[in-house]
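Below is one structure, written out as structure tokens, with a few remarks after it.
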Amino acid sequence: MKHPAEEQGLKAELRPIAAAVGAPLTLVLTGLAAIWAGYHTGQNPPLVFGLTLFAYLLALLAVIDSRHGILPHLLTGTLGVLGILLAPTFGHTHLNALNGGLLAFTGIGFCAFVTERLTGKQAVGGGDLWLVAALGTWLGAGGMPMLLVATAVTGVVSVLIRRWLTQNMLTYAHVPANSFPFGPALCAAGWLAMLYAPAYWQGIDMLVGTAS
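Letter by letter, the sequence shown follows residues 207 to 418 of the numbering used here.
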């Protein structure tokens, strides 16, 4: 039998998930991502299916975090497990996917720990850290540099949006005014990295070749 506190915690995670599953914004984001994936992959059915599933989970997480300020472990865990299981679809081994998740978790976790020690402020939330680890399983170890670049870009966009919302006195109903969810930016970064990590490395190779 589960402890009452455990049941309450599970219900607290399930309520926002249930609300977001059929939310119009979730479905619209997933539909747009599926079209994008089909165009990008040349309508390769296995890749489009995998990317659409990836996009749906990211859309769920982004919508939930933007509305409630949480990233349910049930969803980030599912995202991570599927990243490992579907690794061959995207040209990775299961071990590479696992290593990608571990590298993302330890790397971002270490940076967050150092930043917190230096500034006294929490740099990365626990949910954000688990989301980054889950993204790492989909991208593999080789996708981490592109994820960092994409996160920097989407992070800047998030800061600009936050500033605009603050100036216009708009806040999310379920999120404290002094906080701003970073999950949507991470989800967007993960999507961009998933599609364009190969192009990133091609660009690096071209730059290295030109320099040499």
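Where is the CB? At the ideal position from N, CA and C, for every residue including glycine.
Can you list, in chain order, the residues of its chain with a C-beta nearer than 6 angstroms to that of residue i? Leave out the 5 residues immediately preceding and following it.
i, result
"P252", "T295"
"Y378", "Interpretation of Y378 is limited by its pLDDT of 48, a score under 50 that renders its predicted location unreliable; no figure is taken from the coordinates."
Sorted by chain position, which residues of the same chain lie with C-beta nearer than 7 angstroms to residue i's C-beta, five sequence neighbours on each side aside?
i, result
"L309", "G342, A347, M350"
"T360", "A391, A394, A395"
"M207", "Per-residue confidence for M207 stands at a pLDDT of 49, beneath the threshold of 50, marking its modelled position as unreliable; no derived number is given."
Exposed or buried, residue i, counting other C-beta atoms within 10 Å across all chains shown (16 or more means buried)?
i, result
"F316", "exposed"
"A339", "buried"
"H319", "According to the sequence shown, residue 319 is Phe rather than His. It is exposed - the Cβ of F319 has fewer than 16 other Cβ atoms within 10 Å."
"T236", "buried"
"I276", "buried"
Can you give me the Cβ contacts of residue i inside the same chain, cut-off strictly under 8 angstroms, excluding the 5 residues immediately before and after it?
i, result
"V254", "A240, A243, G244, T247"
Specify, as a first and last residue, the run of the alpha helix (DSSP H) that residue i falls within.
i, result
"T295", "Note, T295: premise wrong, no alpha helix (DSSP H); not H, not E."
"T313", "Looking at the sequence provided, one finds Gly at residue 313 rather than Thr. Start and end: 300 to 325."
"F205", "Missing from the structure shown is residue 205; the chain here goes from 207 to 418 and no further."
"P230", "230 to 247"
"V338", "332 to 345"
With hydrogens ignored, establish whether the beta-carbon of residue i is closer than 8 angstroms to any heavy atom of the ligand ZN.
i, result
"F388", "The ligand ZN is absent from the structure shown, which contains no ligands of any kind."
Query raised in the report: Does the segment 247 to 266 come close enough to the segment 224 to 235 to have 3 or more Cβ pairs within less than 8 angstroms?
Result: yes
Query - the segment 272 to 289 / the segment 323 to 337 touching (three or more Cβ pairs under 8 angstroms) - result: yes
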